[in-house]
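Enquirer: The structure under discussion is supplied below as structure tokens; questions concerning it will follow.
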């Protein structure tokens, strides 16, 4: 009655964190082999998204391959890229660090907003889950760092009560809801990192 053709790849990827003399190590292991990551951060290729063509994506990936990159990070202040981006990453051995589209601010934790977040996670995880290039999901861009190290609480003169609520809302979204929802969508628990950067000082 119906059929759907998919190209899939099979691989095993792990995020390894081990204490060392500097703090905690952080690296990816692909099919049992440690990988030295060489890559870049990507932002939307054009302000008007419909203007981006397959040729533009091909140029981006060709340049990454030429520069000996093996990972691209899709920045959380931008978009979830077109399928063509992920297809080309699959074909060219480029891993993808995929931020969810939450960046540089603290978000509300009310039921309506969190329900929207849950649907955003489900929609994008289902769409991208078959791409072998997708290495890791990241909850947000710089939110944790901004809250703890950039003085946001003083800058906006938050009371202790306000700060507690805002942080609890952050925990609900990025430490609880998003990883739990990803685990519901994926047959195996995917790699998830709550915020980038977040590896201590």
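In the numbering used here, the protein residues as written are 1 to 201. For every residue, glycine included, the Cβ atom is placed at its ideal position computed from N, Cα and C. Quick caveat: nothing in here was measured; it's all calculated off a predicted structure.
#1: Report, in whole angstroms, the separation of the C-beta atoms of residue 93 and residue 72, which I expect to be a contact under 8 Å.
#2: For the stretch 130 to 140 against the stretch 154 to 166, are there 3 or more C-beta pairs whose distance is under 8 Å?
#3: Hey, how far is the Cα of residue 152 from the Cα of residue 146?
#4: I need the boundaries of the beta strand (DSSP E) containing residue 44, first residue and last residue.
#5: Taking residue 185 and residue 122 to be in contact with their CB atoms under 8 Å, please state how far apart those CB atoms are, rounded to whole angstroms.
#6: Using the three-state DSSP reduction, which class does residue 204 fall into: helix, strand or coil?
#7: Assign residue 9 to buried or exposed, taking buried as 16 or more other Cβ atoms, counted over all protein chains shown, within 10 Å of its Cβ.
#8: Closest by CA to residue 41, which one among 110, 77, 176?
#9: Starting from residue 187, follow the beta strand (DSSP E) in both directions and report where the run begins and ends.
#10: Out of 66, 27, 82, 129, which has the shortest C-alpha to C-alpha gap to residue 7?
#11: Could you tell me the alpha carbon to alpha carbon distance between residue 1 and residue 195, rounded to whole angstroms?
#12: Taking residue 91 as part of the alpha helix (DSSP H), name the residues at either end of that continuous run.
#13: Smallest Cα separation from residue 50: which of 155, 81, 26?
#14: In the DSSP assignment, what residue or residues form a beta bridge with residue 138?
#15: Can you check whether the CB of residue 57 is closer than 8 Å to the CB of residue 95?
#16: For residue 30 and residue 191, which I take to be in contact (beta-carbon distance under 8 Å), what is that distance rounded to the nearest angstrom?
#17: The alpha helix (DSSP H) that contains residue 165, what's its start and end?
Expert: Reading off the structure:
#1: That pair is no contact at about 11 Å.
#2: no
#3: 6 Å
#4: Where residue 44 is concerned, there is no enclosing beta strand (DSSP E), given that its DSSP letter is neither H nor E.
#5: 6 Å
#6: Here the chain comprises residues numbered 1 to 201, so residue 204 is not present and cannot be evaluated.
#7: exposed
#8: 77
#9: Per DSSP, residue 187 belongs to no beta strand (DSSP E) and is neither H nor E.
#10: 129
#11: 43 Å
#12: 83 to 92
#13: 81
#14: 99, 193
#15: no
#16: Actually they are not in contact, since the Cβ atoms of residue 30 and residue 191 sit about 11 Å apart, beyond 8 Å.
#17: 160 to 170
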